[in-house]
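Sequential numbering from 8 applies to the sequence shown in our numbering. C-beta: ideal position from N, C-alpha, C; glycine also. Shown next, in structure tokens, is the structure this report addresses.
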Amino acid sequence: MITFRLVDAETYAPVSGGQLRVTDEKTQQVLHVEYDSISRRFSVSVLPGTSLNSVASASGYLSTRMRLSNLNSVQELTIKLIKPKPSMLVVKVFATTIRQPLASAVVVMTSRITGKKEQFTLPAGRLERTFTEPDDLDIQVSADGYTSVSRRLMIDVPPSGKLVEFDAELDKQTLGLVIWAIDNRTNKVVPQARFTLINPGGMSPVTLNAGSEAGQVIAKLTEKGTYQLTTRASGYEESIRAVAIENEQNPVMVRLIAKPPVMDVQPLAISSSLKSMGLNKSGSPTLALSSVKPTAFVDLETGKRIQLNRIYFDQSSPVLRPESYAELDELAAALTLHPSLQIEIRGHTDNQGDFELNTKLSRDRCQSVIDYLIRKGVEKSRLKAVGRGPLDPLAPNNNEENRKKNRRVEFVVL
């Protein structure tokens, strides 16, 4: 009599629902096996000297084969059943070095066996997947602003399982930027221009100098987004504009407005309205502002709103366009002639879009005007910015022509 006991290979606990198949090795006859539910044992009767082949199985376990030779006495045998363990794939994504996990990476897995394609987003830069069947995978790892990495991995599933690790190190993607400046009137390249880039994300300003007759500057950037580009060149007005860096290559041409020859401008007579404000003719400085016509802002009265009709900004942006400089130079000249004068710059928008965003945009545009006047020598304490947004329309916002009238910048003498 041979007795068999089926147990879990790890816990040694009896396995429920197990099955045992026993055959005579010589005759290949399947022998009758009895099961005792109380002792949880299988038993089979054989003649002395018999050799047996047995196969033990149970749900959730791997089948186990055993060969028994020349059985001559009563024996009790223990058969250990092994639970199969899945293999695990761990993908870890790092930025440049393995010390910095890269959040929000994307992993795409394609099975060469089944053709199934899956995509995963990794908030913490880590992905874990289990496999109960072997697989052959093509894996691509990517992240916005970084180069992608691809690898082919074979996933084996042995009885004890297997750990497969893939550490993906992604390098920062470089974005090419080519900048050059030309004369707005002649369209000729302006050599020796200086360009300064500022990323709203907080990077330190980067200054680039055009050192050749071609006037081009080539730069490599690692961050997409909208940069502030400031361009300066001897004999030209300063240019400030927004530049969107989104593509692998980004050409940017800047048009510069030449400064007219510097001339001395004698102090202007002060209007009666200015006299009533306590201003006098003495002590007015001699100006050296280019293309300035201070007479445009002579007839000033306290509380009077005066619209600036030649002020232009980049779309949905507070960045002044160069076409605005001439009128702002005129205003700066008038303020320089009358150093006691204080003004409030008011910005207005139409009613399209979010109220808070419109109000902020109008205030930011006023601040851009003030920043320009300060660079022209006007004291900051004399200037105030107020963003009114859509609160003070000149016309109903019922068509584009009226909405255009409502988008304006004006100032009031305080």
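Burial state of residue i, where buried means 16 or more other Cβ atoms lie within 10 Å
i, result
"residue 319", "exposed"
"residue 97", "exposed"
"residue 365", "buried"
"residue 325", "buried"
"residue 8", "exposed"
"residue 99", "buried"
"residue 163", "exposed"
"residue 474", "The structure shown has nothing for residue 474, since the chain only spans 8 to 421."
"residue 142", "buried"
"residue 386", "exposed"
"residue 357", "buried"
"residue 83", "exposed"
"residue 29", "buried"
"residue 238", "buried"
"residue 380", "buried"
"residue 368", "buried"
"residue 112", "buried"
"residue 122", "exposed"
"residue 109", "buried"
"residue 372", "buried"
"residue 20", "exposed"
Residue i versus residue j: straight-line alpha-carbon distance, rounded
i, j, result
"residue 297", "residue 240", "Caution is warranted here: a pLDDT of 39 is assigned to residue 297, below 50, making its placement in the model unreliable, and no coordinate value can be reported."
"residue 230", "residue 216", "21 Å"
"residue 85", "residue 35", "23 Å"
"residue 41", "residue 130", "56 Å"
"residue 323", "residue 363", "14 Å"
"residue 80", "residue 74", "16 Å"
"residue 360", "residue 140", "55 Å"
"residue 392", "residue 344", "21 Å"
"residue 264", "residue 191", "5 Å"
"residue 405", "residue 136", "57 Å"
"residue 203", "residue 224", "11 Å"
"residue 407", "residue 414", "11 Å"
"residue 428", "residue 205", "Absent from the model: residue 428. The displayed extent of the chain is 8 to 421, so no value can be given."
Contacts around residue i, its chain only, beta-carbon distance under 7 Å, and the 5 residues preceding and following it disregarded
i, result
"residue 252", "182, 184, 228, 231, 232 and 234"
"residue 31", "38, 57 and 59"
"residue 154", "177, 178 and 180"
Other residues of its chain near residue i: CB distance less than 8 Å, five sequence neighbours each side excluded
i, result
"residue 328", "248, 319, 320 and 321"
"residue 261", "186, 187, 188, 189, 200, 202, 236, 238, 246 and 248"
Near the ligand ATP: residue i beta-carbon under 8 Å from a heavy atom
i, result
"residue 360", "Absent from the structure shown: the ligand ATP. Ligands present: none."
Same chain, Cβ closer than 6 Å to residue i, five either side skipped, listed in chain order
i, result
"residue 25", "13 and 65"
"residue 309", "420"
"residue 259", "186 and 250"
"residue 89", "16, 69 and 166"
"residue 117", "124 and 145"
"residue 330", "319"
Checklist line | Every unbroken beta strand (DSSP E) within the segment 75-118, with a cutoff of 3 residues, ordered by chain | finding: 82-88, 94-102 and 112-118
Next item on the list: Could you say if the segment 407-418 and the segment 346-354 meet the contact criterion of at least three C-beta pairs nearer than 8 Å?
Entry: yes
Next item on the list: Could you say if the segment 165-176 and the segment 242-252 meet the contact criterion of at least three C-beta pairs nearer than 8 Å?
Entry: no
Margin query: Assess contact between the segment 121-135 and the segment 152-168, defined as three or more Cβ pairs (one per stretch) separated by less than 8 Å. Is contact present?
Written below: no
Margin query: Does the segment 16-27 come into contact with the segment 63-76, if we say contact requires no fewer than three beta-carbon pairs (one atom in each stretch) closer than 8 Å?
Written below: yes
Item checked: Inside the segment 125-185 only - beta strand (DSSP E) runs reaching at least 3 residues -> 133-138, 142-149, 156-162 and 170-177
Check: Whole alpha helix (DSSP H) runs in the segment 374-421 with 4 or more residues, listed along the chain?
Finding: 407-413
Notebook entry, point to check: For the segment 326-372, which segments carrying the alpha helix (DSSP H) assignment without a break, of at least 4 residues, lie completely within its bounds, in sequence order?
Noted result: 332-344
Check: Can you give, in chain order, each stretch of the beta strand (DSSP E) that sits fully within the segment 27-59 and has at least 3 residues?
Finding: 41-43 and 48-51
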